[in-house]
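Enquirer: Protein chains in written order, with our numbering: chain X, 1 to 414; chain S, 1001 to 1414. Glycine residues also receive a C-beta, built at the ideal position from the N, C-alpha and C atoms. The structure's right below; bear with me while I get my questions together.
Protein chains: 2
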Amino acid sequence: MRSWVESAEGSDFPLENLPLGVFRRADGLACVGTAIGDRILDLRAAADAKLLTGEVVGACRESSLNLLMSMGRAAAGALRAWLMDLLSDTGARKRVEPFLVAQADVQMLLPARIRDYTDFYASVYHATNVGRLFRPDNPLLPNYKYVPIGYHGRASSIVVSGTEVRRPCGQTKPADAPEPVFGPSRALDYELEVGFFVGPGNALGTPIPLAEAESHIFGLCLVNDWSARDVQVWEYQPLGPFLAKNFATTISPWVVTLDALRPFRGPAFARPEGDPKPLAYLDAEGDRSRGGFDVTLEVWLRTARMQEPVRVSRGNLRDLYWTLGQMLTHHASNGCNLQPGDLLASGTVSGATEDSLGCLLELTRRGAQPLQLPDGETRRFLEGGDEVILRGYCEREGHARIGFGECRGRLISG
Amino acid sequence: MRSWVESAEGSDFPLENLPLGVFRRADGLACVGTAIGDRILDLRAAADAKLLTGEVVGACRESSLNLLMSMGRAAAGALRAWLMDLLSDTGARKRVEPFLVAQADVQMLLPARIRDYTDFYASVYHATNVGRLFRPDNPLLPNYKYVPIGYHGRASSIVVSGTEVRRPCGQTKPADAPEPVFGPSRALDYELEVGFFVGPGNALGTPIPLAEAESHIFGLCLVNDWSARDVQVWEYQPLGPFLAKNFATTISPWVVTLDALRPFRGPAFARPEGDPKPLAYLDAEGDRSRGGFDVTLEVWLRTARMQEPVRVSRGNLRDLYWTLGQMLTHHASNGCNLQPGDLLASGTVSGATEDSLGCLLELTRRGAQPLQLPDGETRRFLEGGDEVILRGYCEREGHARIGFGECRGRLISG
């Protein structure tokens, strides 16, 4: 099946993707839309014009995806089926085309009102690499293979792709100094992550069994969890990262639904021999065959001197030690209530190989081995004017390639 | 000056207090109100009846305090002056009395829509006591006297006083077991804290100088940061507390404004000789004379077998190593944006003496020295049916005593 939108085929957003997002229309209204090629179908306008019907119409007229997220995957699936029809049926073209706007002409907004944001630490490669830098003799802590480690992030400073990021000030303590100093971070890093939005929530006190976890996941986006490493190492004990992370978190504007990702599911991470089985509440047992997501993830860097960005690394979402479902079920296992639009993120996605490391801390061994860029520049950490671009996409023989678009942010700083 | 509301004098809520909160009216509407004696003045009804005028009227007709908080202390001060007049002028009694409702007849709600919740660790006594239990040779970490340590909590599971709290399940690892187990926490604790609500926020990227910090603080409440200690000790490394804390946080419904607390200000904590000076951005220098708050804080416990609660400890808010202003300024020092209605909390308030320890972990030395209750019962940690009641009040010669009301929660569990 093909869309009559000519730019769809071969783009990140073919008919098979139809990610959802929120954009600011020329009249100033924040509107729900779906991406198709280089266009956006304005779902508010389509709903107003009665092109869409059924229970999702109200949700399409909101200024965020929260209501649609709360309605569950069946509602989102019904909307998806409608959109596929409208955007492939050439007979519908005349009716639908007036509601397409060019992506280039509008500003994307955050897709949801994010009430709570939780960041996990689900890549065992990342956890081991980072652990080795800080605790050479004891890189991976004893809880790692039992507990999907996570912590609460800051929701207020989540920004949409394209927002400039200001280099933060903070306390740092040079190893040879008697006292810490306060000033601009000198070890600013990106982190390549994938986020997932909560669909229907759970009541306080009511856990979510693993078998039901994915019915509470609406869709995925890209996340850059900017990190000030020098601040982090000084502040993080004993309560974890705080100001090193909460100055900005950038997310991509398009939420790729689990329906769109269905052809790209695969087995969960294969635990190495000798690793413990997950405890029962986190053990999918027979159902591990489809716990993973085959999403290629790339980091691109464009320094102020470059015309075009260069690729710095490439990893894959299936390299996570814990599945998204396990993270969600763990989060709610004590009765913590998740709400529609809450964002959970994977933590830095790093793989086993040198070219699949998801942050500069790992790539440069905490700055000890600077990254060599093709134009002769080097980077230990980010410098002013550097733009970091995350990309994600899914490819599989016999299926249309789908993409996540970009998660982009430029560092501005003195 | 006295109120014509007879119950005001001698209660937690005399004319000099006038804390703000939100209650559910008989008609189901969530309404802003102020407490006076055992009554609530319904500010929505008062605004509807044009008893209140000026810029705060709109904020009094909301279903949360967020808008009022965003307007700054001058607006809240103007409202306070109006309310003092209305509730003291016997000539106004006839007009105002119809808008009083009995506290006993209505349900209190959360005072604000809390977007982000941050919990600090500002009592050096608490940090030292807890550190000693986990790291006997190194109780206080090197960053403590420089960094107001804090972490992000969970906003969704903040509940108002009176909400029952369910004992959470979680992963724990008994010291002698080869593997962790999943089940109900067996080391459930309370934490006596004080919270403060953000008034006007700051834009992302714009720090808040210490001299302006208090203009961003709207008022204070009591906080019980329930904690599952056995879950905490297993999960907290390296990213800090997560499921051990986010199953429930109880707050008192009445927000005591900084204006009401003005007579009870005092010097900030006196750093012991030899302690470092705060770094410049956290150093109030000449203005340390009024950085503290003299608020007596009590923990009361009522087990299922008791008729009346017994007092377990009594501390004081002035025992914090960091002032509320320092915590807020530190939080925004990297440009992190705070928003009206955000809740920041002090962390457990413990003092130097045995009877001023703010959680059972400290009082019982992690269960090693059970608490002896007057009826012969003992507690290492909380048991099912236990009710924890936090109280706070301010007393000073020549000033009317004001109170915070209660922060109450009963543990239900198998």
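To the nearest whole angstrom, what separates the beta carbons of residue 1251 (chain S) and residue 1388 (chain S), a pair I think is in contact under 8 Å?
Expert: That pair is no contact at about 13 Å.
Enquirer: Is the beta carbon of residue 231 (chain X) sitting closer than 8 Å to the one on residue 172 (chain X)?
Expert: Yes, they are a contact pair.
Enquirer: Between residue 155 (chain X) and chain S, is the shortest Cβ-Cβ distance under 8 Å, so that the two count as touching?
Expert: Residue 155 (chain X) counts as touching chain S.
Enquirer: Closer than 8 Å between beta carbons: that is the criterion. Which residues of the segment 2-27 of chain X meet it against chain S?
Expert: Answer in chain order: no residues at all.
Enquirer: Is there a Cβ from chain X that is less than 8 Å from the Cβ of residue 1116 (chain S)?
Expert: With 8 Å as the cut-off, residue 1116 (chain S) counts as an interface residue toward chain X.
Enquirer: Please compile the residues from chain X whose C-beta is within a distance smaller than 7 Å of the C-beta of residue 1179 (chain S).
Expert: The contacting residues are 276.
Enquirer: Which residue's Cα is closest to the Cα of residue 405 (chain X): X:8, X:4, X:98?
Expert: Comparing Cα positions, the closest option is X:8.
Enquirer: Per DSSP, what kind of secondary structure is residue 1085 (chain S) in: helix, strand or coil?
Expert: Correct three-state label for residue 1085 (chain S): helix.
Enquirer: Along chain X, which residues have their Cβ under 9 Å away from the Cβ of residue 1149 (chain S)?
Expert: Result: 235, 237, 238, 239, 242.
Enquirer: Between the C-alpha atoms of residue 103 (chain X) and residue 39 (chain X), what's the straight-line distance to the nearest angstrom?
Expert: Answer to the nearest angstrom: the Cα atoms are 5 Å apart.
Enquirer: Find the residues of chain S that neighbour residue 320 (chain X), judging by a C-beta separation of less than 9 Å, and give them in chain order.
Expert: The premise fails here: residue 320 (chain X) is roughly 16 Å from chain S at the closest Cβ pair, so nothing lies under 9 Å.
Enquirer: Taking residue 1125 (chain S) as part of the beta strand (DSSP E), name the residues at either end of that continuous run.
Expert: No beta strand (DSSP E) holds residue 1125 (chain S); the alpha helix (DSSP H) holding it covers 1124-1134.
Enquirer: Measure the alpha-carbon distance for residue 2 (chain X) versus residue 400 (chain X) and round it to whole angstroms.
Expert: Distance between the alpha carbons of residue 2 (chain X) and residue 400 (chain X): 10 Å.
Enquirer: Who are the Cβ neighbours of residue 1204 (chain S) in its own chain at under 8 Å, not counting the five residues just before and after it?
Expert: Excluding sequence neighbours, residue 1204 (chain S) sits near 1335, 1336, 1337.
Enquirer: Measuring CA to CA, which of X:99, X:10, X:36, X:30 is closest to residue 474 (chain X)?
Expert: Here chain X covers residues 1 to 414 and nothing more, so residue 474 (chain X) does not appear.
Enquirer: Just curious, the beta strand (DSSP E) that residue 204 (chain X) is in, first and last residue?
Expert: No beta strand (DSSP E) holds residue 204 (chain X); DSSP gives it neither H nor E.
Enquirer: Closer than 8 Å, Cβ to any Cβ of chain X: which residues of the segment 1308-1341 of chain S, in chain order?
Expert: Listed in sequence order: 1330, 1331, 1333, 1334, 1335, 1336, 1337, 1338, 1339.
Enquirer: State the Cα-Cα distance for the pair residue 249 (chain X) and residue 1331 (chain S), rounded to the nearest angstrom.
Expert: Each residue's Cα considered, the two are about 16 Å apart.
Enquirer: At which residue ranges does the segment 212-272 of chain X contain complete beta strand (DSSP E) runs of 3 or more residues, listed in the order of the chain?
Expert: Entirely contained in the segment 212-272 of chain X, the beta strand (DSSP E) runs reaching 3 residues are, in chain order, 217-224, 249-251.
Enquirer: Using 8 Å as the threshold, is the C-beta distance between residue 365 (chain X) and residue 65 (chain X) below it?
Expert: It is not a contact, given that the beta carbons lie outside the stated cut-off.
Enquirer: Please give the ranges of any alpha helix (DSSP H) in the segment 347-392 of chain X, keeping only runs that are unbroken, at least 4 residues long and fully inside the region.
Expert: Here the runs fully enclosed are 360-363.
Enquirer: How about the segment 1261-1276 of chain S and the segment 1375-1387 of chain S: do they share at least three Cβ pairs that are nearer than 8 Å?
Expert: Because the criterion of three Cβ pairs below 8 Å is not met, the segment 1261-1276 of chain S and the segment 1375-1387 of chain S do not touch.
Enquirer: Could you check which residue in X:290, X:397, X:312, X:340 has the C-alpha nearest to that of residue 379 (chain X)?
Expert: Selected option, being the one with the closest Cα: X:312.
Enquirer: What whole-angstrom Cβ distance do residue 156 (chain X) and residue 1283 (chain S) have, given they're in contact under 8 Å?
Expert: 26 Å between Cβ atoms; not a contact.
Enquirer: Quick one: is residue 223 (chain X) buried, meaning 16 or more other Cβ sit within 10 Å of its Cβ, or exposed?
Expert: It counts as buried.
Enquirer: Please determine, among X:31, X:35, X:22, X:23, the residue with the shortest C-alpha to C-alpha distance to residue 11 (chain X).
Expert: If we check each option's Cα against that of residue 11 (chain X), X:35 comes out closest.
Enquirer: In three-state terms, what does DSSP make of residue 1285 (chain S)?
Expert: Correct three-state label for residue 1285 (chain S): helix.
Enquirer: Any contact between the segment 144-152 of chain X and the segment 1147-1155 of chain S? By contact I mean 3 or more CB pairs, one from each, below 8 Å.
Expert: Contact between the segment 144-152 of chain X and the segment 1147-1155 of chain S is present, because at least three Cβ pairs lie under 8 Å.
Enquirer: What residue range is occupied by the uninterrupted alpha helix (DSSP H) comprising residue 102 (chain X)?
Expert: Where residue 102 (chain X) is concerned, there is no enclosing alpha helix (DSSP H), although the beta strand (DSSP E) it sits in stretches over 100-102.
Enquirer: Tell me the DSSP secondary structure of residue 70 (chain X) in three-state form.
Expert: Residue state, collapsed to three classes: helix.
Enquirer: Any contact of the segment 181-189 of chain X with the segment 267-278 of chain X, i.e. 3+ C-beta pairs under 8 Å?
Expert: Verdict: no, contact absent.
Enquirer: Assuming residue 315 (chain X) contacts residue 349 (chain X) under a Cβ cut-off of 8 Å, what Cβ separation, rounded to an integer in Å, is found between them?
Expert: That belief holds up - the Cβ atoms of residue 315 (chain X) and residue 349 (chain X) are roughly 5 Å apart, short of 8 Å.
Enquirer: Take residue 238 (chain X) and list the residues in its own chain whose beta-carbon comes closer than 7 Å to its own, dropping the five residues that flank it on each side.
Expert: So the list is empty, once near-sequence residues are dropped.
Enquirer: Give the range of the alpha helix (DSSP H) segment to which residue 1060 (chain S) is assigned.
Expert: Looking at the DSSP string, the run of the alpha helix (DSSP H) that includes residue 1060 (chain S) is 1057-1060.
Enquirer: Using beta carbons (cut-off 8 Å, strictly below), is residue 1205 (chain S) in contact with chain X?
Expert: Yes, residue 1205 (chain S) counts as interfacial toward chain X.
Enquirer: Hey, would you say residue 121 (chain X) sits closer than 8 Å to residue 1180 (chain S), going by beta carbons?
Expert: No; because the gap between Cβ atoms is not below 8 Å, this pair is not in contact.
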